[in-house]
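In our numbering, the protein residues as written are 13 to 135.
Beta carbons are placed, not taken as given, at the ideal position from N, Cα and C, and that holds for glycine.
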């Protein structure tokens with residue numbers, strides 16, 4: 013996987029869903045374009061031997077400072093980490109399940125790739 017991502021761009025897409033107590037739900041997907049640096053084969057082998065990639069989608073962590081596989085990304089850093097917090101908070105607030113002023117701090121760095129579904133009424 014890491015060899016296939018080396019020196020290439022790829023897209024990370026994360027879906028978030030919230031169901032309220034009445035069964036109504038909302039969903040959001042967040043897309044982030046990620047640019048990977050060139051990874052040497054021995055560097056990949058050492059990283060795999062360390063065990064670090066086994067609990068990560070895509071086999072890497074953008075937050076891994078020692079391996080540092082990502083050269084740049086657009087939009088949401090926390091989407092690449094695994095949970096786009098701004099999107100999750102937006103859904104929770106929209107459903108009335110949570111109130112916070114954290115959305116005003118833009119903790120994820122923006123969401124040009126945000127796609128919101130319509131609210132769906134549970135059956």
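Would you say the region 72 to 80 touches the region 98 to 111, given that touching needs at least three Cβ pairs under 8 Å?
no
May I have the straight-line CA-CA distance separating residue 57 from residue 39, to the nearest angstrom?
38 Å
Within 10 Å of its beta-carbon, does residue 23 have 16 or more other beta-carbons around it, so buried, or fewer, so exposed?
exposed
Inter-residue spacing [alpha-carbon to alpha-carbon] between residue 75 and residue 94
11 Å
Should residue 43 and residue 31 be called a contact, given that it needs their Cβ atoms to be closer than 9 Å?
no
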